[in-house]
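Basically the numbering used here = 1-based index in the sequence shown + 69. Glycine included, C-beta positions come from ideal geometry on N, C-alpha and C.
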Amino acid sequence: MSTQVELDREGHVARVRFRGEKGIQILSAATRQQFGEVLDELEADEDTHVVVFEAVGRTFIAGADIHELAALNYATGEQVARDGQHLMTRVARLNAVTVAAVHAACAGGGCELVLACDLRMAAESARIGLPEVGIGILPGWGGTVRTVRLFGGAVARHMILTGELFDAAEAWRLGIVDSVSPDDEFRAAVD
């Protein structure tokens with residue numbers, strides 16, 4: 070499946086929108102490359118004060134491409150992990166305030182993007198987590214470090230070792246998201 074990364078600007082606000090086939094966003098190698106190019110533009114832009122990361126469709130971001138992950142060996146796996154860490158660090162270091170607008174399921178690499186943002190907003194129907202353990206891997210794009218820094222050891226261990234996808238209310242209770250809005254009010258709340 071192919072996911073496109075779009076950049077729109079309106080005044081001092083930039084929106085980075087992920088749009089995948091059938092409404093499912095996957096962070097494939099091609100999508101990560103395109104995302105890096107969008108980050109190049111944002112890093113060079115001094116007029117943007119807020120960057121909103123959002124998606125269109127059935128998921129926020131479902132994670133990395135599982136078929137690509139299955140084809141990795143030790144060396145290529147290590148390189149994908151380092152490249153993903155670099156992308157998420159770039160998000161975390163943007164000069165603008167970054168906002169993750171999670172409207173639906175958000176897993177794996179999508180959750181790692183959310184963890185790199187300054188503010189994390191969720192719609193009531195959102196679910197968020199790091200389910201990689203279910204396929205025998207740990208969050209490799211900085212998620213292990215960011216969860217400990219953001220939420221402490223107990224929440225981090227639970228997220229990483231169980232692979233649970235938390236509903237929005239539980240994610241808010243644990244501090245994973247900063248706010249939860251009803252689905253029909255979510256876009257207005259983000260704006």
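Check: residue i C-beta below 7 Å from any heavy atom of the ligand FAD
{"i": "ARG101", "result": "Absence of the ligand FAD is noted for the structure shown, with no ligands found whatsoever."}
DSSP state of residue i mapped onto helix, strand, coil
{"i": "ARG226", "result": "helix"}
{"i": "LEU182", "result": "helix"}
{"i": "ASP252", "result": "helix"}
{"i": "GLY80", "result": "coil"}
{"i": "LEU188", "result": "strand"}
{"i": "LEU207", "result": "coil"}
{"i": "GLY212", "result": "helix"}
DSSP bridge partner residues for residue i (one or two, in chain order)
{"i": "ALA176", "result": "GLY198"}
{"i": "GLN73", "result": "ARG88"}
{"i": "PHE235", "result": "ILE197"}
{"i": "LEU243", "result": "Beta-bridge pairing links LEU243 to no other residue."}
{"i": "LEU96", "result": "ALA133"}
Whole-angstrom C-beta distance between residue j and residue i, which should lie under 8 Å
{"i": "VAL171", "j": "VAL183", "result": "6 Å"}
{"i": "TRP210", "j": "ALA257", "result": "Between ALA257 and TRP210 the Cβ distance is about 31 Å, and since that is not below 8 Å, they are no contact."}
{"i": "THR212", "j": "CYS175", "result": "The sequence as given places Gly at residue 212; Thr does not occur at that position. Going by Cβ atoms, the distance from GLY212 to CYS175 rounds to 12 Å, so no, they are not a contact pair."}
{"i": "ALA173", "j": "PHE129", "result": "5 Å"}
{"i": "GLY126", "j": "LEU96", "result": "Incorrect: roughly 14 Å between the Cβ atoms, too far for contact."}
{"i": "ALA195", "j": "ALA161", "result": "Going by Cβ atoms, the distance from ALA195 to ALA161 rounds to 21 Å, so no, they are not a contact pair."}
{"i": "VAL249", "j": "ILE229", "result": "Incorrect: roughly 22 Å between the Cβ atoms, too far for contact."}
{"i": "ILE204", "j": "ILE135", "result": "7 Å"}
{"i": "ARG101", "j": "LEU163", "result": "Contact doesn't hold; Cβ gap of about 17 Å is too wide."}
{"i": "LEU207", "j": "GLY232", "result": "Incorrect: roughly 10 Å between the Cβ atoms, too far for contact."}
{"i": "GLY153", "j": "GLY178", "result": "7 Å"}
{"i": "VAL246", "j": "ALA237", "result": "7 Å"}
At least 3 beta-carbon pairs within less than 8 Å: the region 102 to 119 vs the region 138 to 147: With a cut-off of 8 Å, the region 138 to 147 and the region 102 to 119 do not count as touching, because too few Cβ pairs lie within range.
Given 8 Å, three or more beta-carbon pairs between the region 239 to 253 and the region 191 to 202: yes
Length at least 3, wholly inside the region 101 to 183: the beta strand (DSSP E) runs in chain order: Considered as a whole, the region 101 to 183 harbours 119 to 125, 128 to 130, 166 to 171, 174 to 176 as its complete beta strand (DSSP E) runs of no fewer than 3 residues, in chain order.
Three-pair Cβ contact test at 8 Å for the region 77 to 85 versus the region 115 to 127: yes
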